[in-house]
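Report on one structure; see the data block that follows.
Protein chains in written order, with this note's numbering: chain A, 84 to 184; chain B, 17 to 173.
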């Protein structure tokens, strides 16, 4: 089960890609109430959106992006194109998801 | 009460910076797959420093009507503030979102390779502040800002 959810709508030669990623986006500034210790930072650093394996957007995120980030892009493409979203976190975790428009 | 909270945030900043450095060290071999994360730009506390680390010597941004920042007037919860940035400046290849009053001002940046210079997301804000959208086009920076009133901050706990 991928952590990336995607919804693509087509409008002419533009694909409107709405994505929702399940990620805690821990800032490293919040204390764990039970232990009183800081919860270590865990957040998405880089994210790429590609259409038919060609990169369209390269995004850098930080701890100031909300938990379970929602991101909306408008990439070039038409119905039937493959849209891929990939991300990497500061801890080196990564995930990808591909959907056909 | 409020000032105590700011002090706490500043203190914990130093600790998190160390953690980030370690994380980035682990990341290096994987950088082949995705774009690299401009660590310096994201860790600095200064607004101007973030911009110069991110865009190099593009200079200070000039205010422009062609850059649009859409955000609510009042955000009840600072942990989830919906923001949309769009640029109508010809040749926009990069858009950055910044909040001056956050512990680190740079929130996110988006490099566009053929995609429309448009990005919409949800961000965290520590207190009432301006959300600033900066567009990079033809080696110059253009900006627009919008004030958002935050009732409950969303940066620490």
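A virtual CB, placed ideally from N, CA and C, is assigned to each residue, including glycine.
Residue range of the alpha helix (DSSP H) that includes residue 248 of chain B
This structure does not reach residue 248 of chain B, given that chain B is present from 17 up to 173, and the question cannot be answered.
Chain B partners of residue 144 of chain A, CB-CB under 7 Å?
124
Do we get a CB-CB distance below 9 Å when we pair residue 130 of chain B with the residues of chain A?
yes
Would residue 138 of chain A count as contacting chain B if we go by Cβ distances under 9 Å?
yes
Start-to-end residues for the beta strand (DSSP E) that takes in residue 134 of chain B:
134 to 139
N- and C-terminal bounds of the alpha helix (DSSP H) containing residue 92 of chain B:
No alpha helix (DSSP H) holds residue 92 of chain B; the beta strand (DSSP E) holding it covers 90 to 93.
Report all residues from its chain with a CB closer than 6 Å to the CB of residue 46 of chain B; omit the five preceding and five following residues, and keep chain order.
The predicted model places residue 46 of chain B with a pLDDT of 36, which falls under 50 and marks its position as unreliable, so this point remains unresolved.
Let me see if you follow: with CB-CB separation under 9 Å, is residue 196 of chain B close to chain A or not?
Look at the range of chain B in this structure, 17 to 173, and you will see that residue 196 of chain B is not part of it.
Using a Cβ-Cβ distance cut-off of 9 Å, determine whether residue 118 of chain B contacts chain A.
yes
Quick check on residue 164 of chain A: does DSSP put it in helix, strand or coil?
coil
Name the residue from A:171, A:173, A:108, A:162 whose alpha carbon lies nearest to the alpha carbon of residue 90 of chain A.
A:162
Can you tell me where the alpha helix (DSSP H) holding residue 63 of chain B begins and where it ends?
63 to 71
Beta carbon proximity, residue 112 of chain A to chain B, threshold 9 Å
yes
For the beta strand (DSSP E) that contains residue 163 of chain B, what are its first and last residues?
156 to 168
Which residues, taken in chain order from the stretch 81 to 95 of chain B, show a beta carbon closer than 7 Å to some beta carbon of chain A?
95
Is residue 134 of chain A closer than 9 Å to residue 102 of chain A when the C-beta atoms are compared?
no
Over what stretch of residues does the beta strand (DSSP E) that includes residue 130 of chain A continue unbroken?
127 to 134
Beta-carbon proximity of residue 83 of chain B to residue 99 of chain B, cut-off 9 Å
no
Span of the beta strand (DSSP E), counted from its first residue to its last, around residue 175 of chain A:
That residue, residue 175 of chain A, is in no beta strand (DSSP E); it is neither H nor E in DSSP.
Find out if the Cβ-Cβ distance for the pair residue 147 of chain A, residue 118 of chain B is shorter than 9 Å.
yes
Output the boundary residues of the beta strand (DSSP E) element that contains residue 108 of chain A.
First-last for residue 108 of chain A: undefined, no H or E at that position.
Can you pull out the residues from the stretch 146 to 159 of chain A whose beta carbon lies closer than 8 Å to at least one beta carbon of chain B?
146, 147, 148, 149, 150, 152, 153, 154, 155, 156, 157, 158, 159
Considering only their Cβ atoms, is the gap separating residue 148 of chain B from residue 96 of chain B smaller than 9 Å?
no
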